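Numbering (the working numbering), first residue to last: 1063 to 1216. Structure first, then comments.
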């Protein structure tokens, strides 16, 4: 199970990707990689590629990422649970409103790496470094698209 975060920007449409999609699990996240990246990581092996069903559709989505639910305890300790998992419960609907909350949580994470690393899930799915990377990427997206609508899928 994972948390998927999305940013949608009305008036900004792009055509959905038509290339086959290759997904891997890495550091508690599902990541899409290119065929070239697959071949570099796994030479001589064929990936399972997913053909997009929405190739002819347009979308207003400008950002998407996901992270394992196993990191929600760490996120709570950093003050990031509500901004990430439940933004609607704190009346956050726009990226600009999410940005200061993400920055504050990132600072907390960075100030106490040993403390937060102790919250790494015992099963190995998700890490402190993975949460840092996830939050940093989300911050960049919020900076780029401050007027975007925030949406999450849990």
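Backbone N, C-alpha and C define an ideal beta-carbon position, used for all residues, glycine too. The structure displayed is predicted, hence computed values, not measured ones.
- Under the DSSP assignment, residue 1127 falls in the beta strand (DSSP E) whose first and last residues are 1123-1130.
- Three or more beta-carbon pairs drawn from the region 1132-1142 and the region 1176-1192 are found closer than 8 angstroms, and the two stretches are therefore classed as touching.
- In the structure shown, residue 1157 adopts helical secondary structure according to DSSP, grouped into three states.
- Listed in chain order, the beta strand (DSSP E) elements of length 3 or more contained wholly in the region 1161-1215 are 1211-1215.
- Note: residue 1093 is bridge-paired with 1086 in the DSSP secondary-structure output.
- Checking the DSSP bridge columns, you'll see residue 1066 partnered with 1128, 1215.
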